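Trainee:
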Amino acid sequence: MKSGSRANIVSSFTVVKGAMIEETYAVFTAWDFGCSKRDNLDRLRSDNFIGAKSSTWLRDVAKVLNRRFEPEGRDRALVVLAKNGLDLEEWRPLLLWHMTRDEFLVRDFLQNWLFPAYESGTSRIRHEQVHEYLKTIGSRGAATEHAWTEETTNRVAAGLLKIAADFGLLRGSGAREFASYHLPERSFLYLLHAMRDEKVSPAKVVAAAEWRLFLMAPSDVERELLRLHQ
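Adding 22 to a residue's 1-based position in the sequence shown gives its number in this note's numbering.
(1) Going by the DSSP bridge assignment, what does ARG146 pair with across the sheet?
(2) Flag this pair as touching only if the stretch 68-81 and the stretch 166-186 have three or more C-beta atom pairs under 8 Å; answer yes or no.
(3) Assign ALA74 to one of three DSSP states: helix, strand, or coil.
(4) Where does ALA165 fall in DSSP's three states?
(5) Looking at the structure shown, is LEU100 part of a helix, part of a strand, or coil, going by DSSP?
(6) Straight-line CA distance for LEU250 to ASN88?
(7) Which residues does DSSP pair with ARG193 in a beta bridge?
(8) Can you give me the start and stop residues for the alpha helix (DSSP H) that LYS184 sits inside?
(9) Out of LEU235, VAL101, THR46, state which residue places its alpha-carbon closest to the alpha-carbon of ALA74.
(10) On the criterion of 16 or more Cβ atoms from any shown chain inside 10 Å, does PRO115 qualify as buried, or is it exposed?
(11) Do PHE50 and GLU94 have their C-beta atoms within less than 9 Å of each other?
(12) Using only CA atoms, which one of GLU154, SER195, LEU118 lies nearest to ARG146?
(13) Hey, TYR203 and LEU237 are a contact pair by Cβ (cut 8 Å); roughly how many whole angstroms apart?
(14) Just the Cα atoms here: how many angstroms apart are ALA186 and GLU92?
(15) Given a cut-off of 9 Å, decide if HIS153 and THR175 are closer than it, judged by their beta-carbon atoms.
(16) Since ASN62 is in the alpha helix (DSSP H), which residue starts that stretch and which ends it?
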């Protein structure tokens, strides 16, 4: 099982396999904190309590969850919320925030490519447009696990756009368009407190780059804070 941070390691595998939102929620709902991560994932593979349609997909789910999350550490709250039955639509954005703590490519793509495209008024996005961004991974302080073929690059580009769509940021297939996204109120409050714990300063929280994951500029964060205050 993984140890240490993989925050600057780019995995084509996890991106191509996708967001796995429903699968992750189901696994975390059944998580046993009395057992190790290895034991929980071994039980998933042996019992298939999420109803995976093939042993290959079941294996992939376990492998992605092992790479993405630390239920005994930084991701414990996400697991607890699933176990306590938080509505999936409120839990979904929290999943995105937690998975991007240790998944460079998804985080960097959403914050530094998709959000600027959104702010610039881009109307349609195809996976071919993501290729130029993928060429800059090395200069962004990250490294791929291995050299990518053209086919892998295509699959990663398409995978990034599908992840954005699965989290409600984009819609459509082929040429994707930006969706009208609004962060649920309780999700916003969770993220606000989580970022406050990390950044301490309220001004830094409002200006945090992580809000871009949800297509929010600092002015949007300020507006939401004012609405909640009123």
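Glycine included, each C-beta is placed from N, C-alpha and C at the ideal position.
Predicted model, so just to flag it, every value in this text is computed and none were measured.
Mentor: Reading off the structure:
(1) As a working mapping, residue 146 is identified with position 124 in the sequence shown. Paired residues: GLU199.
(2) no
(3) The residue labelled residue 74 in the question sits at position 52 within the sequence shown. Coil at ALA74, not helix or strand.
(4) Here residue 165 is taken as the residue at index 143 of the sequence shown, counted from 1. Strand at ALA165.
(5) Indexing the sequence shown from 1 puts residue 100 at position 78. Residue state, collapsed to three classes: helix.
(6) As a first step, residue 250 must be located in the sequence shown, where it is residue number 228. As a first step, residue 88 must be located in the sequence shown, where it is residue number 66. Cα to Cα, the separation comes out at about 36 Å.
(7) Counting from one through the sequence shown, the residue named residue 193 turns up at place 171. According to DSSP, which records beta bridges pairwise, ARG193 is partnered with GLU199.
(8) Numbered from its first residue, the sequence shown carries residue 184 at position 162. Run containing LYS184: 172-188, per the alpha helix (DSSP H) assignment.
(9) Translated into the one-based positions of the sequence shown, residue 74 becomes position 52. Answer by Cα proximity: THR46.
(10) Taking the first residue of the sequence shown as position 1, residue 115 is located at position 93. Buried, because 16 or more other Cβ atoms sit within 10 Å of the Cβ of PRO115.
(11) Reading the sequence shown from its first residue, position 28 is the one you call residue 50. Reading the sequence shown from its first residue, position 72 is the one you call residue 94. Cβ atoms of PHE50 and GLU94: not closer than 9 Å.
(12) For the purposes of this step, residue 146 is taken as residue 124 along the sequence shown, with counting starting at 1. Selected option, being the one with the closest Cα: SER195.
(13) As a working note, residue 203 is residue 181 in the sequence shown. As a working note, residue 237 is residue 215 in the sequence shown. Between LEU237 and TYR203 the Cβ distance is about 5 Å, and since that is below 8 Å, they are a contact.
(14) Locating residue 186 in the sequence shown gives position 164, where the first residue counts as 1. Locating residue 92 in the sequence shown gives position 70, where the first residue counts as 1. Near 22 Å, if we compare the C-alpha coordinates of GLU92 and ALA186.
(15) To locate residue 175, count along the sequence shown from 1; it is residue 153. To locate residue 153, count along the sequence shown from 1; it is residue 131. Yes, the pair counts as a contact, with Cβ atoms nearer than the cut-off.
(16) By 1-based counting over the sequence shown, the position of residue 62 is 40. Where ASN62 is concerned, the enclosing alpha helix (DSSP H) stretches over 59-69.
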